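Undergrad: If you scroll down you'll find the structure; I have some questions about it.
This is the structure in structure tokens:
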């Protein structure tokens, strides 16, 4: 009888502990990881678009709607990255506050099919990643002021890792030869990284993976690669690699590896945001530092 009482007490304590955690919904895997780093043991995250999945083409499920209704805080990227989430928030009429992690970012503006739109992939510049972390920290502190000191401490520890990675990125990418700074990726996801370090990224697709490039687009890109003597073509974890392999074969550029653009890896070194950035950095450096 005593054993049963002890077990019941333990189960009650565990369920109470889970219920007390702040229920947070994040839109995609990179935000989920950042939020977990800051929130630690005080939060319970339901993430919508998982590792290796494409947030541009995501279609929400009924379970996603339930998660929004149970949430105390919803964290999205913003900058037009998740229009499906905005529609889901409206349709569910959730009472949870929605914050944009990209708030304060100075967006790159690009022409997308005749319309000027902001580039949503701001996390690829670590200066912007710092803004993301600070916005997430402030949102958690507002939603759960009792644990403010822990959120602040976790945030500062996480930012130290980002600052160290920023110094590493500056040192490595600044050392690249001037002629080795043009590369091709599946879609236009790395503009902020290129802007920060003077690398030109070209892509057959625009900011979103929804639009398939035409044969003329691909032919023009192959011609551009040949003229610019582009060193490497990089595949992405969220995209089918066949088109990029065709472009590499026809242009003479070599395959530089896989880059992680809009999603973490399901496992391995790129399964966290810090790991993702470091993996991309090393992959780019190894491919572009070749003579």
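Numbering (mature numbering (1 follows the signal peptide of the UniProt record, and there is no 0)), first residue to last: -18 to -1, 1 to 273. For glycine and all other residues, C-beta sits at the position ideal for the given N, C-alpha and C. Please read these numbers as outputs of a predicted model, since none were measured by experiment.
Quick one, are the C-beta atoms of residue 37 and residue 10 less than 8 Å apart?
TA: yes
Undergrad: Looking at the structure shown, is residue 215 part of a helix, part of a strand, or coil, going by DSSP?
TA: strand
Undergrad: If you draw a straight line from the C-alpha of residue 57 to the C-alpha of residue 209, how long is it?
TA: Going from the Cα of residue 57 to the Cα of residue 209 covers about 43 Å.
Undergrad: In the DSSP assignment, what residue or residues form a beta bridge with residue 38?
TA: As computed with DSSP, residue 38 is found in no beta bridge at all.
Undergrad: Across which residues does DSSP place residue 236 in a beta bridge pair?
TA: 214
Undergrad: Could you tell me how far apart the beta carbons of residue 42 and residue 70 are, in whole angstroms, since I believe they sit closer than 8 Å?
TA: Correct: roughly 5 Å between the Cβ atoms.
Undergrad: I'd like the ranges of any alpha helix (DSSP H) spanning at least 4 consecutive residues and lying wholly in the stretch 20 to 64.
TA: 44 to 52
Undergrad: Smallest Cα separation from residue 45: which of 39, 115, 31?
TA: Restricting attention to 39, 115, 31, the CA atom closest to the CA of residue 45 is found in 31.
Undergrad: Where residue 154 and residue 161 are concerned, what is the direct C-alpha to C-alpha distance, given to the nearest angstrom?
TA: 15 Å
Undergrad: Would you mind reading off the limits of the alpha helix (DSSP H) that contains residue 259?
TA: 255 to 270
Undergrad: Using the rule of at least 16 other Cβ atoms within 10 Å of the residue's Cβ for burial, across every protein chain shown, is residue 167 buried or exposed?
TA: Answer is buried; the Cβ neighbour count reaches 16.
Undergrad: For the structure I just gave you, are there three or more beta carbon pairs, one from the stretch 104 to 120 and one from the stretch 73 to 90, closer than 8 Å?
TA: yes
Undergrad: Determine whether the beta carbon atoms of residue 236 and residue 175 lie at a separation below 8 Å.
TA: no
Undergrad: Would you give the residue range spanned by the alpha helix (DSSP H) that residue 152 belongs to?
TA: Under the DSSP assignment, residue 152 falls in the alpha helix (DSSP H) whose first and last residues are 130 to 156.
Undergrad: So, with DSSP's three-state summary, where would you put residue 114?
TA: helix
Undergrad: Using only alpha-carbon positions, find the residue among 79, 102, 170 that is nearest to residue 62.
TA: Distances from the CA of residue 62 to each of 79, 102, 170 were compared; the closest alpha carbon is that of 102.
Undergrad: Going by DSSP, what residues sit across from residue 82 in a beta bridge?
TA: Beta-bridge pairing links residue 82 to 58.
Undergrad: Beta-carbon separation of residue 158 and residue 271 under 8 Å?
TA: yes
Undergrad: Which class does residue 166 belong to by DSSP, given the choice of helix, strand or coil?
TA: Of the three classes helix, strand and coil, the one that applies to residue 166 here is strand, per DSSP.
Undergrad: Please report the straight-line C-alpha distance between residue 268 and residue 151, rounded to a whole angstrom.
TA: 13 Å
Undergrad: Quick one: grab the DSSP three-state call for residue 9.
TA: strand
Undergrad: Considering only their Cβ atoms, is the gap separating residue 90 from residue 22 smaller than 8 Å?
TA: no
Undergrad: Could you tell me which residues DSSP puts in a beta bridge with residue 70?
TA: Partner(s): none; residue 70 has no beta bridge.
Undergrad: Using CA atoms only, rank isn't needed, just tell me which of 255, 18, 214 is closest to residue 230.
TA: 214
Undergrad: If we count the other Cβ atoms within 10 Å of its Cβ and call it buried at 16 or more, is residue 100 buried or exposed?
TA: Buried, because 16 or more other Cβ atoms sit within 10 Å of the Cβ of residue 100.
Undergrad: Pull up the distance between the alpha-carbon of residue 254 and that of residue 179, whole angstroms please.
TA: For residue 254 and residue 179, the distance between alpha carbons rounds to 22 Å.
Undergrad: Just grab the DSSP bridge partners of residue 99 for me.
TA: 92
Undergrad: I'd like the list of long-range same chain contacts for residue 76, defined as Cβ closer than 6 Å, with 5 residues on each side in sequence excluded.
TA: 50, 51
Undergrad: Under a Cβ-count criterion, where at least 16 other Cβ atoms within 10 Å of its own Cβ denotes burial, should residue 2 be classed as buried or exposed?
TA: exposed
Undergrad: Taking the alpha helix (DSSP H) that residue 246 falls in, what are its first and last residues?
TA: Looking at the DSSP string, residue 246 is not in any alpha helix (DSSP H), and its letter there is neither H nor E.
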